[in-house]
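Taking it in order: structure first as structure tokens, then the write-up.
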Amino acid sequence: MIKFITKLSLFLLPLISIAQDIDGMAIIEKGSYVPLYGSDSIKVDVEKFALDVYPVTNAEFQKFVETHPKWKKENVKALFADESYLRHWNANHELKKGEKPNSPVTNVSYFAAKKYCECEGKRLPTLDEWEYTAMADKTSPDAREKDSYNKFILSWYEKPAAFNQEVGSTFKNYWGVYDMHGLVWEWTSDFNSVLISGESRRDNTEDNNLFCGSAAIGSSDLMNYAAFMRYAFRGSVKANFNIRTLGFRCAQTLDKKNQNNENL
């Protein structure tokens, strides 16, 4: 009987590992949250999914462009990336002096990020998935009401960019995910779908002042101010933009097979 249990434990061990880490991804449990644009009576449900533990690095993206030459600097079309695409790389697709292979890749467009994830059998996270994961601090899944946590996030927004730090430089949150705050902004699959459009500065609506920080300058709610800055940034970009402080990570929908493994 003991031998049988031992053998069974050895068999289940790989499955238990899958529950904790699927190819460098963390499992984000099902839940709900109230987004910035909602109210106490409006909650968004988020299904269980997997998310990369770290943002995609320069080294990882270099392998991608070598395997998919269409996304090399000289080949990518302007429709899919503007002139700033991978500007921190040289003409030989090598990092320029001072750049680090294990830093998050930036200067990548939405289209490039989306294609990378697809080639990995993954996808970009939705805005709600990203925000839901980003609520967590080191010890709790929702730290948004902690002044210290919101001050930490806002202090990063006020500092010079930290994009040249290596991934994993920030804290590991409740879900086991690093660098949700403190390193780079990140693309989501529906990055400009809420609140603000790229033309919002010219819209004749009550949302005119929602661009950048003007509507939140006097806000005493640090949680909403921090979230607002992210929504404003997302709403100000277009899919072919390539920004030095903007990177990405991939997500994965968990099918029934994955979820069964996780429950073992």
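Mature numbering (1 follows the signal peptide of the UniProt record, and there is no 0) puts the sequence shown at residues -19 to -1, 1 to 245. We put the beta carbon where it would ideally sit given N, CA and C, even for glycine.
Per DSSP, the bridge partner or partners of Gly12: Indexing the sequence shown from 1 puts residue 12 at position 31. Gly12 has Val27 as its beta-bridge partners, per DSSP.
CB of Trp168 within 7 Å of CB of Tyr91, strictly: Within the sequence shown, residue 168 is the residue found at index 187, counting from 1. Within the sequence shown, residue 91 is the residue found at index 110, counting from 1. Yes, they are a contact pair.
Identified DSSP bridge partners for Asn233: Locating residue 233 in the sequence shown gives position 252, counting from the first residue. It is worth fixing the name first, because residue 233 is Gln in this sequence and not Asn. Answer is Ala31.
Boundaries of the alpha helix (DSSP H) in which Ala109 is found, first to last residue: For the purposes of this step, residue 109 is taken as residue 128 along the sequence shown, with counting starting at 1. The question names Ala, but residue 109 in the sequence shown is Asp. First-last of the alpha helix (DSSP H) with Asp109: 108 to 115.
For Lys127: DSSP bridge partner residues: Counting from 1 along the sequence shown, the entry for residue 127 is found at position 146. Its beta-bridge partners do not exist; DSSP assigns none.
Proximal residues to Leu235 (C-beta, below 7 Å), its chain only, five neighbours per side dropped: On the sequence shown, residue 235 is found 254 positions in, with the first residue counted as 1. Contacts found: Lys29, Phe30, Ala31.
Residue range of the alpha helix (DSSP H) that includes Val46: Against the sequence shown, residue 46 aligns to sequence position 65. 39 to 48 is the extent of the alpha helix (DSSP H) around Val46.
Continuous alpha helix (DSSP H) stretch holding Lys81: start and end: Along the sequence shown, one-based indexing puts residue 81 at 100. Note, Lys81: premise wrong, no alpha helix (DSSP H); not H, not E.
CB of Glu110 within 7 Å of CB of Val27, strictly: For the purposes of this step, residue 110 is identified with residue 129 of the sequence shown, where counting begins at 1. For the purposes of this step, residue 27 is identified with residue 46 of the sequence shown, where counting begins at 1. Between Glu110 and Val27, the CB-CB gap stays under 7 Å.
Endpoints, alpha helix (DSSP H) assigned at Glu99: Taking the first residue of the sequence shown as position 1, residue 99 is located at position 118. Unbroken alpha helix (DSSP H) run through Glu99: 91 to 100.
Pairwise C-alpha distance: Val34 and Pro122: What you label residue 122 is simply residue 141 of the sequence shown in a count that begins at 1. What you label residue 34 is simply residue 53 of the sequence shown in a count that begins at 1. So the two alpha carbons sit approximately 15 Å from each other.
Alpha-carbon to alpha-carbon, Phe214 and Gly163: The residue labelled residue 163 in the question sits at position 182 within the sequence shown. The residue labelled residue 214 in the question sits at position 233 within the sequence shown. Roughly 15 Å between the two C-alpha positions.
Cβ-Cβ distance between Ala207 and Asn131 below 7 Å: Numbered from its first residue, the sequence shown carries residue 207 at position 226. Numbered from its first residue, the sequence shown carries residue 131 at position 150. Taking 7 Å as the Cβ cut-off, Ala207 and Asn131 qualify as a contacting pair.
Top-ranked residue by Cα proximity to Leu105, from Ser170, Lys219, Ile8: For this step, residue 105 is matched to residue 124 along the sequence shown. When Ser170, Lys219, Ile8 are compared, the shortest CA-CA separation from Leu105 is found for Ser170.
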